[in-house]
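First comes the structure, then the notes that go with it.
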Amino acid sequence: MLKGILNFAHYLLEESVNPGDTTIDATCGNGNDTLFLSRIVGTNGHVIACDIQQQAIDATRQRLVEHNRFNVSFIQDSHARLKKYINKDTQIGGAIFNLGYLPKSDKLIITNGESTISAIDIILDFLKQGRLIVLVVYHGHPGGEEEKNTVLKHVMNLDQNDYNVVQYGFINQKNNPPFIIAIEKKQ
Ligand SMILES: C[S@@+](CC[C@H](N)C(=O)[O-])C[C@H]1O[C@@H](n2cnc3c(N)ncnc32)[C@H](O)[C@@H]1O
Numbered sequence: 001m002l003k004g005i006l007n008f009a010h011y012l013l014e015e016s017v018n019p020g021d022t023t024i025d026a027t028c029g030n031g032n033d034t035l036f037l038s039r040i041v042g043t044n045g046h047v048i049a050c051d052i053q054q055q056a057i058d059a060t061r062q063r064l065v066e067h068n069r070f071n072v073s074f075i076q077d078s079h080a081r082l083k084k085y086i087n088k089d090t091q092i093g094g095a096i097f098n099l100g101y102l103p104k105s106d107k108l109i110i111t112n113g114e115s116t117i118s119a120i121d122i123i124l125d126f127l128k129q130g131r132l133i134v135l136v137v138y139h140g141h142p143g144g145e146e147e148k149n150t151v152l153k154h155v156m157n158l159d160q161n162d163y164n165v166v167q168y169g170f171i172n173q174k175n176n177p178p179f180i181i182a183i184e185k186k187q
């Protein structure tokens with residue numbers, strides 16, 4: 001009955017995104033979310049896939065080619081610098097972050113609170129009203145707790161006149177289970 005974390009993240013993206021939208025995967029990793037967004041925006045839509053690691057960009061690019069999806073552009077840089085790459089008139093239909101490290105890779109290359117909150121604020125400026133930024137917060141690894149606290153503090157202080165912010169997670173699971181933060185830009 002209750003959706004798992006990744007299912008719920010995709011459910012929220014589907015609620016937010018319409019065919020033809022431009023969307024952002026701010027941590028594309030192995031490309032799971034990029035592929036999902038690529039499908040829901042359709043051939044007239046667009047996904048901006050960002051990751052700081054070459055390995056992640058390569059893996060995502062390959063994954064998209066394998067699925068014959070060509071509506072994605074790639075940015076190998078920190079999402080804290082996303083503003084440099086987005087046309088000022090672009091309106092974003094939805095965005096996702098998966099925080100933490102790339103699975104089966106260098107566990108020292110992790111997202112961090114400061115750059116994550118910079119990226120959230122950049123994307124909020126471009127986000128259409130009534131749409132969502134979805135964050136999947138992994139926090140069991142070294143550095144994860146600090147990032148979790150920084151991000152929670154930031155989003156809890158977003159003005160309630162402008163944003164709805166929710167947290168979704170399983171509170172009876174052990175070992176620091178991931179949870180979701182979703183930010184809706186109000187109409
Ligand atoms: C949990 S993984 C993402 C998993 C991905 N969504 C997938 O479907 O496979 C987190 C990713 O964030 C990336 N990352 C870390 N710091 C970053 C930053 N400042 N800007 C963009 N990406 C970053 C890592 O390289 C890693 O690939």
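According to our numbering, the sequence shown is numbered sequentially starting from 1. Idealized CB from N, CA, C, for every residue including glycine.
Secondary structure remark: continuous beta strand (DSSP E) runs of at least 3 residues inside the region 91 to 164, in chain order: 92 to 98 and 127 to 137.
Residue state for Gln62 is assigned as helix, using DSSP reduced to three classes.
By the C-beta criterion, the region 38 to 57 is judged to be in contact with the region 65 to 81, since at least 3 inter-stretch pairs fall below 8 angstroms. Judged by DSSP in its simplified three-state form, Val47 adopts strand. In the displayed model, Ile40 falls within a helix according to three-state DSSP. Taking C-beta atoms as the reference points, Asp25 and Ile96 count as a pair closer than 8 angstroms. Distance between Leu12 and Asp77, taken at the CA atoms: about 26 angstroms.
Taking a C-beta distance under 8 angstroms as the contact criterion, Asp159 and Lys185 do not qualify as a contact pair. In this structure, DSSP gives Ile52 a state outside helix and strand, which the three-state scheme calls coil. Residue environment: Leu2 is assigned as exposed (fewer than 16 neighbouring CB atoms within 10 Å of its CB, all protein chains considered). Contact annotation, Ile109 with Tyr101: C-beta distance approximately 6 angstroms; criterion of less than 8 angstroms satisfied.
When the five nearest sequence neighbours on each side are left out, the beta carbons in the same chain lying within less than 7 angstroms of the beta carbon of Ala59 are those of Asn30 and Gly31, in order along the chain. Within the model, the alpha-carbon separation for Ser16 versus Thr22 is close to 11 angstroms.
Look at Gly4: its beta carbon is at least 7 angstroms from all of the heavy atoms in ligand 1. Straight through space, the alpha carbons of Gln129 and Met156 are spaced by roughly 19 angstroms. When beta bridges are read from the DSSP output, Ile75 appears opposite Cys50.
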